[in-house]
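2 protein chains.
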Amino acid sequence: MLDQFRDKFPLSKDKWDEYMRYYTRIEVPAHTILLNEGDVSKNAFIIEKGCLRLWFNNNGKDITFQFFFENEAVSSAESFNKSIPSLFTIETIEPCILYRIHKNDMEKILKELNEHPDTKEYLLSIAFERQFHYMKHFLSFIRDTPTQRYINLIKEKPQIIQRIPQHYIASYLGITPVSLSRIRSKLK
Amino acid sequence: MLDQFRDKFPLSKDKWDEYMRYYTRIEVPAHTILLNEGDVSKNAFIIEKGCLRLWFNNNGKDITFQFFFENEAVSSAESFNKSIPSLFTIETIEPCILYRIHKNDMEKILKELNEHPDTKEYLLSIAFERQFHYMKHFLSFIRDTPTQRYINLIKEKPQIIQRIPQHYIASYLGITPVSLSRIRSKLK
DNA sequence: AAGAGACGATAACAAAAGATAATAAATTCA
DNA sequence: TGAATTTATTATCTTTTGTTATCGTCTCTT
């Protein structure tokens, strides 16, 4: 279930299996909060089944910042890495099967991994890709209208359209649920 | 002039001076294009004096993505690092004094720096900070109204308000110049 | 199975922003 | 310095989006 991650790491199968023992398989119902905005994150997750969202409270309204699906790693990255209060709440949307790892255990893994010369390259490339991703996502906000952003979403992430409640998608697109509903009816 | 960078690197003064020889001091007039959107970036810059912007063409309209001022390093990061076509044009706003380094020379420096165990940590922290920066900037786009974004800009980056032509600021805020002018008159 | 609550569609109105054009102010530069 | 160009403001009209409210449907929960 976590096999697809193995390929990305410059590690032996044994080492990999050893590290995997740090992960705990958990099953949680829908609408479970895994981390509260303002708390310091102690855990990261990998999704075997289900989907989550990362959201924050803006004057009483909840705004979804990112969605996560099967085989993706989820954390409030800044909070987990730097032990600062999280800007986001992490919440399941569907019932989920997750693999959880504690920060302490992750640090053990990283400590060992750092012996490998390739590791930091790998971490760098991840950080770089994330940065690029945020940049492009941001770009589409400056460049496109809400309607265009919704059309892009249909093309690029159909999973989101199919599995995510519409009012979450609306805040993700930076518009109100009513506005999204209008956009949808015009597109028909 | 580039002294403020030295402190950030775990290097001897001699090594630093050696690397600095790769940089060429150039003076360019306002509205000089240092890199065209679509071209592969071969150079990075450090600003001694003046300011630049990074912009892209969106259906004939130019949209400013980022501003740079004195003592900042400027490049179309993805293009420079990965040798892919740049998403952005880099253009001076004021007459500028810059330090230019060619990608080949930068690679020589990085190759040597990689002997240092601290270097990758440092690069990682830079990538991480950039990612955090984009994320927060993006967040303000989802969360705030154009008026609020303009007020934030006054507080957080007064340089931009003071030195940058208003129509560039407008596109940076994701609105039209006319709309920005209205916002300004309401705030008075 | 019934009731409560959540969700999405739609309508009516208000507010904000875009488009366009005319004009004023500032700046470039010959 | 003065003319030409660029930039900013203002006004008008249109379009888009937000706000609020209503209604029907669906989904939990008990």
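Sequences listed follow chains A and B, in order. Heads up: the first sequence runs through residues 149 to 336, numbered per our numbering. Heads up: the second sequence runs through residues 149 to 336, numbered per our numbering. Even for Gly, the Cβ is constructed at its ideal location relative to N, Cα and C.
- Sequence-ordered contacts of the region 256–278 of chain B with chain A read Lys268, Leu271, Leu272, Ala275, Phe276, Arg278 [C-beta pairs closer than 7 Å].
- In the three-state DSSP reduction, Phe193 of chain A falls in the strand class (E or B).
- Residue pairing by DSSP places Ala221 of chain A opposite A:Ile194 in a beta bridge.
- Cα atoms of Arg201 of chain B and Asn205 of chain A: separation of roughly 32 Å, rounded to the nearest angstrom.
- The three-state secondary structure of Pro306 of chain A, taken from DSSP, is helix.
- The alpha-carbon of Glu255 of chain A is positioned some 43 Å away from that of Ile317 of chain B.
- Cβ-Cβ distances below 8 Å link Val188 of chain A to Ser227, Ser231, Ile232, Pro233, Ser234 in the same chain, with the five nearest sequence neighbours on each side left out; the list follows chain order.
- If you draw a straight line from the Cα of Lys209 of chain B to the Cα of Leu246 of chain B, it is about 27 Å long.
- Around the beta carbon of Ile238 of chain B, 16 or more other beta carbons sit within 10 angstroms, so the residue counts as buried.
- Think of a sphere of 7 Å around the beta carbon of Tyr170 of chain B: no beta carbon from chain A falls inside it, the nearest being about 22 Å out.
- At least one CB of chain B lies nearer than 7 Å to the CB of Arg291 of chain A.
- At a beta-carbon threshold of 7 Å, none of the residues of chain A lie near Met254 of chain B; the nearest stands roughly 15 Å away.
- Close CB contacts of Lys197 of chain B within its chain, under the 7 Å cut and outside five residues either way in sequence, are with Glu218, Cys244, Ile245 (chain order).
- When the beta-carbon positions are compared, Glu185 of chain A and Phe216 of chain A stay at least 7 Å from each other.
- Interface criterion met: the Cβ of Asn206 of chain A is under 7 Å from a Cβ in chain B.
- For Glu226 of chain B, a Cβ of chain A is located within less than 7 Å of the residue's own Cβ.
- Of the candidates A:Arg311, A:Met168, A:Ile323, the residue whose Cα lies closest to the Cα of Thr295 of chain A is A:Ile323.
- Among the residues facing chain A, Tyr282 of chain B is included, as its CB has a counterpart in that chain under 7 Å away.
- Between Ile211 of chain A and chain B, the shortest Cβ-Cβ separation is below 7 Å.
- The beta carbon of Phe286 of chain B falls within 7 Å of a beta carbon belonging to chain A, placing the residue at that interface.
- Apart from sequence neighbours up to five positions away, the residues of its chain that approach Ile257 of chain B with a beta-carbon distance below 6 Å are Tyr167, ordered along the chain.
- Taking CB atoms only, Gly186 of chain B has no neighbour in chain A less than 7 Å away.
- In its chain, beyond the 5 residues on either side, Thr240, Cys244 have a beta carbon closer than 6 Å to the beta carbon of Val176 of chain A.
- Annotated three-state conformation of Arg330 of chain B is helix, per DSSP.
- Residue state for Thr267 of chain A is assigned as helix, using DSSP reduced to three classes.
- Under a criterion of Cβ atoms nearer than 8 Å, the residues of chain B adjacent to Gly322 of chain A are, in order, Phe289, Ile290.
- Taken through DSSP and simplified to helix, strand or coil, Asp210 of chain B comes out as strand.
- At least 7 Å separates the beta-carbon of Phe289 of chain B from that of Phe280 of chain A.
- Under the DSSP assignment, Ile317 of chain B falls in the alpha helix (DSSP H) whose first and last residues are 314–321.
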